[in-house]
Every structure is written in C-alpha cells, then in structure tokens.
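Down below is the structure, laid out as structure tokens.
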Amino acid sequence: MSTHSNHPFHLVDYSPWPLTGAIGAMTTVSGMVKWFHQYDISLFVLGNIITILTVYQ
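Sequential numbering from 35 applies to the sequence shown in the numbering used here.
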C-alpha cells in the first residue's frame, strides 16, 4: 500500500506574500490617516513602497 493520500481539495504551498501585502496595505492606510491629520508622510510612502514591491515580486 502507498502512503500517498488523495485529498478532495488542492493543497497549496505556503507563501509570505499575502501577509506582506496585508502589512503593506495596513501601513499605507495608517500613513494616509496620519498624513490627513497633519503628521509626517513617511509612513504612507513606506506602505506604498511595500505594496508596490509585493505586487511586482
């Protein structure tokens, strides 16, 4: 007998990119809120950089 088990669904490999994209999106939104309340724009720019690098990965 084989030890291979068939599953009724497709098993995918783990990937860090969904988590990285979520962190980038949350950083972008947090930076935008800070920017709208007259704080520094650097968090907004950092979030956009993370999001763009995740998309082009």
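Glycine included, each C-beta is placed from N, C-alpha and C at the ideal position. Because the structure is a prediction, the values reported are computed rather than measured.
Asked: Which residues in the same chain have their Cβ closer than 6 Å to the Cβ of Tyr-73, if we skip the five residues on either side of it in sequence?; Found: none
Asked: Would you please state the rounded distance, in angstroms, between the beta carbons of Thr-54 and Phe-78? I believe it to be under 8 Å.; Found: Rounded, the Cβ-Cβ distance is 17 Å, inconsistent with contact.
Asked: Please classify Ile-84: does DSSP put it in a helix, a strand, or coil?; Found: helix
Asked: Can you tell me whether DSSP reads Phe-78 as helix, strand or coil?; Found: helix
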